[in-house]
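Read the structure below first, then the notes.
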Amino acid sequence: METRYSIRPRDFVPGACIAAVALGGLVLVAANSDVHSDAWKATAKLLWKNASARPPLLLVMAVAGWAWVIQVCRKSGMNISQVLGGSPQPEAATYHAALSLLCVVLCARLAYFIATEQHGLTWRPWLVCNVGLLLAMVGIGAFPVRAFHAGSRFSLLKTLVESLIAPCAPVTFWHVLVADYLTSLAKTFSDLQLTACISSAILSRDYQGAAYERTTDLWNAYHAQCSGSTANAMMLALPFWWRLMQCFRVYSETKEQKNLWNALKYSTAFPLVYAGYLRKYDPSETHDQLFILCAVVQSSYCFVWDVLMDWGLPQRARPGEGIGGWRFRTLRVVTPSKAAYLLLCAFNLMLRFVWALSIFGGVPGRGLGMFFFEVVEMARRTVWAVFRIEWEMVAKVYSKDPTSIPVTAQLGEEMAPLTYDEEEDGED
């Protein structure tokens with residue numbers, strides 16, 4: 004991570020101008036186009052129509068969301084470098100990175116709009132621009148030059164590689180956060196496989212000299228085959244496999260049983276993926292019931308874990324206090340309002356179920372519905388991260404050094420014993 008990347012308000016002006024010009028260009032082209040005269044269809048092509056359009060936008064949202072996480076944590080008085088293993092770059096720099104990526108996305112979309120106005124083109128501008136944008140995003144992230152937030156990019160790349168090879172790599176709290184973000188992008192992994200599968204089939208067909216057909220027609224023709232492949236199911240499950248391996252790595256080092264329970268939590272995603280594909284490609288009442296059962300188990304397990312372990316909201320009460328020996332955590336840093344934490348739990352519970360039912364087969368994989376649920380899940384993960392970092396600070400920093408507690412934190416009558424002792428609070 005890097006903190007020596009200073010961004011001033013005026014540094015946002017070039018990116019904002021480029022974004023405004025690109026948006027204006029899109030509107031101008033669409034307004035004078037026969038191809039893109041339908042505003043709704045044009046918007047769909049830009050944002051959500053198929054698997055190749057959604058991933059870049061979700062990446063921009065993830066980066067901007069992380070900037071918001073850093074901003075909220077710092078405004079709450081938390082020195083998050085104590086749990087992240089280094090100082091993250093300022094939120095302004097991360098917002099700037101998100102704006103820069105958005106400019107790349109908008110310019111690629113504008114290039115596609117302009118190209119499609121040229122009649123007689125056979126190089127498939129829609130496919131080339133979308134696939135080219137995905138490759139550009141990968142290239143920007145892996146660019147081996149000390150430019151464009153190099154310190155943060157390299158830190159993230161290293162963490163991603165180490166997450167991919169777990170349990171053969173170290174697992175820190177930062178690794179946990181990154182890998183958990185990847186689980187929220189599970190459908191994006193599936194979309195990337197789908198894009199690669201369909202694109203390779205179309206390009207292979209063109210290479211063999213077959214008669215030209217519209218890209219949209221060919222995409223629809225190959226979609227069922229590629230989306231129903233074993234590779235697509237594996238990509239959907241892959242982020243959960245990485246987190247599972249991380250849990251095993253932490254258990255091998257700490258021997259704490261809670262890491263096995265955490266591993267079981269991520270394992271519940273695999274039956275859900277399988278049930279979703281059964282429901283989609285072999286419809287029956289039995290498979291519908293199996294899918295719902297798997298979704299309920301997976302969502303309930305994750306929700307309970309969020310509240311108990313990731314946020315540490317209940318804590319053991321002294322005799323005669325609380326309900327059933329438990330009470331609400333007294334040390335609250337992000338906000339002193341207990342109601343806000345209760346609303347957080349309700350928000351998380353609802354979106355956990357919505358996400359499981361939609362991403363794993365409850366909603367068609369093409370169209371506005373899927374894009375909406377992916378955006379909602381990214382919003383849930385962003386909020387989750389704020390309170391996950393808060394609990395890590397409470398359990399690992401403030402419990403050892405109460406003098407470091409921010410003056411704005413809600414302590415209650417006293418700083419009561421935490422829910423989990425230090426030995427139990429390893430990496431989740």
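In my numbering, the protein residues as written are 4 to 431. Beta carbons: idealized from backbone N, C-alpha and C, even for Gly. All figures in this text were calculated on a predicted structure; none of them were measured in a lab.
Length of the line joining the Cα atoms of residue i and residue j
{"i": "alanine 433", "j": "isoleucine 295", "result": "In this structure the chain extends from 4 to 431, so residue 433 is not present and cannot be described."}
{"i": "threonine 411", "j": "leucine 334", "result": "11 Å"}
{"i": "threonine 2", "j": "leucine 241", "result": "This structure cannot speak to residue 2, because the chain is shown only from 4 to 431."}
{"i": "valine 141", "j": "glutamine 318", "result": "43 Å"}
{"i": "alanine 54", "j": "alanine 172", "result": "31 Å"}
{"i": "tryptophan 222", "j": "isoleucine 201", "result": "6 Å"}
{"i": "alanine 234", "j": "valine 336", "result": "43 Å"}
{"i": "aspartate 404", "j": "serine 84", "result": "15 Å"}
{"i": "lysine 48", "j": "leucine 31", "result": "16 Å"}
{"i": "leucine 185", "j": "glycine 325", "result": "37 Å"}
{"i": "glycine 327", "j": "glutamine 301", "result": "26 Å"}
{"i": "proline 17", "j": "glutamine 92", "result": "21 Å"}
{"i": "phenylalanine 390", "j": "glutamine 292", "result": "34 Å"}
{"i": "alanine 139", "j": "glutamine 74", "result": "28 Å"}
{"i": "asparagine 351", "j": "valine 307", "result": "10 Å"}
{"i": "leucine 130", "j": "valine 148", "result": "29 Å"}
{"i": "glycine 231", "j": "glycine 212", "result": "27 Å"}
{"i": "arginine 127", "j": "threonine 162", "result": "36 Å"}
{"i": "cysteine 229", "j": "cysteine 348", "result": "37 Å"}
{"i": "aspartate 285", "j": "histidine 226", "result": "17 Å"}
{"i": "threonine 46", "j": "threonine 125", "result": "23 Å"}
{"i": "glutamate 377", "j": "glycine 323", "result": "45 Å"}
{"i": "methionine 312", "j": "threonine 406", "result": "24 Å"}
{"i": "threonine 338", "j": "valine 310", "result": "16 Å"}
{"i": "aspartate 341", "j": "methionine 81", "result": "A small fix is needed here, since residue 341 is lysine in this sequence, not aspartate. Their Cα atoms are separated by approximately 19 Å."}
{"i": "serine 36", "j": "serine 203", "result": "30 Å"}
{"i": "tryptophan 264", "j": "glutamate 256", "result": "15 Å"}
{"i": "cysteine 76", "j": "alanine 150", "result": "26 Å"}
When the options are compared against residue i, the one with the closest alpha-carbon
{"i": "methionine 237", "options": "Leu206, Tyr284, Tyr280, Gln121", "result": "Tyr280"}
{"i": "alanine 100", "options": "Val63, Lys268, Cys132", "result": "Val63"}
{"i": "glycine 123", "options": "Tyr215, Thr191, Pro339", "result": "Tyr215"}
{"i": "tryptophan 314", "options": "Gly212, Ser155, Pro322, Glu395", "result": "Glu395"}
{"i": "serine 303", "options": "Trp358, Arg208, Val75", "result": "Trp358"}
{"i": "leucine 61", "options": "Val108, Phe15, Ser270", "result": "Val108"}
{"i": "valine 181", "options": "Ala213, Val400, Lys399, Met381", "result": "Met381"}
{"i": "serine 9", "options": "Asp209, Gly154, Met312, Lys341", "result": "Gly154"}
{"i": "serine 187", "options": "Met312, Arg332, Val379", "result": "Val379"}
{"i": "leucine 197", "options": "Ala224, Asp183, Thr289", "result": "Ala224"}
{"i": "tryptophan 43", "options": "Gly370, Val397, Tyr401, Tyr210", "result": "Gly370"}
Same chain, Cβ closer than 6 Å to residue i, five either side skipped, listed in chain order
{"i": "valine 299", "result": "none"}
{"i": "alanine 70", "result": "Glu94, Thr97, Tyr98"}
{"i": "isoleucine 362", "result": "Lys190"}
{"i": "glutamate 165", "result": "Ala172"}
{"i": "leucine 102", "result": "Gly18"}
{"i": "arginine 11", "result": "none"}
{"i": "glycine 88", "result": "Thr175, Trp177"}
{"i": "glutamate 416", "result": "Legend: pLDDT at glutamate 416 = 46, less than 50; position of this residue unreliable, value from coordinates given subsequently. Excluding residues within five positions, none has a Cβ falling inside 6 Å."}
{"i": "glutamate 393", "result": "Val336, Val337"}
{"i": "aspartate 183", "result": "none"}
Beta-carbon proximity of residue i to residue j, cut-off 8 Å
{"i": "histidine 178", "j": "glutamine 249", "result": "yes"}
{"i": "serine 90", "j": "proline 409", "result": "no"}
{"i": "leucine 354", "j": "arginine 383", "result": "yes"}
{"i": "tryptophan 329", "j": "alanine 320", "result": "yes"}
{"i": "valine 72", "j": "alanine 388", "result": "yes"}
{"i": "threonine 218", "j": "isoleucine 205", "result": "yes"}
{"i": "cysteine 297", "j": "alanine 278", "result": "yes"}
{"i": "phenylalanine 116", "j": "alanine 33", "result": "yes"}
{"i": "serine 193", "j": "leucine 239", "result": "yes"}
{"i": "lysine 399", "j": "valine 174", "result": "no"}
{"i": "cysteine 132", "j": "alanine 25", "result": "no"}
{"i": "leucine 346", "j": "arginine 332", "result": "no"}
Contacts around residue i, its chain only, beta-carbon distance under 7 Å, and the 5 residues preceding and following it disregarded
{"i": "tyrosine 169", "result": "The residue asked about is misnamed: residue 169 is alanine in this sequence, not tyrosine. So the list reads Trp245, Met248, Gln249, Arg252, once near-sequence residues are dropped."}
{"i": "alanine 38", "result": "For clarity, residue 38 is valine in the given sequence; the question names alanine instead. The residues are Thr119, Glu120."}
{"i": "asparagine 262", "result": "Cys250, Val253, Tyr254, Gly429"}
{"i": "cysteine 305", "result": "Lys268, Arg355"}
{"i": "glycine 28", "result": "Leu113"}
{"i": "arginine 156", "result": "Gly144"}
{"i": "leucine 50", "result": "Ala56, Leu60, Phe374"}
{"i": "aspartate 14", "result": "His99"}
{"i": "leucine 167", "result": "Trp245"}
{"i": "proline 274", "result": "Cys297"}
{"i": "leucine 105", "result": "Ala22, Val63"}
{"i": "threonine 271", "result": "Val300, Gln301, Tyr304"}
CB contact check: residue i to chain D, cutoff 8 Å
{"i": "alanine 95", "result": "The question asks about chain D, but that chain is absent: this structure has only one protein chain."}
Cβ shell of residue i (< 8 Å), same chain only, five flanking positions each side left out
{"i": "leucine 433", "result": "Examination of residue 433 is not possible in this model, given that the chain is present from 4 through 431 alone."}
{"i": "glycine 135", "result": "Ala111"}
{"i": "leucine 159", "result": "Gly144, Val181"}
Taking only runs of the alpha helix (DSSP H) that begin and end inside the region 132 to 173, which ones reach a length of at least 4 residues, in chain order? 153 to 167
Entirely enclosed alpha helix (DSSP H) segments - the region 312 to 370, minimum 4 residues: 341 to 360
Which ranges would you report for the alpha helix (DSSP H) in the region 200 to 230 if only whole runs of at least 4 residues count? 218 to 230
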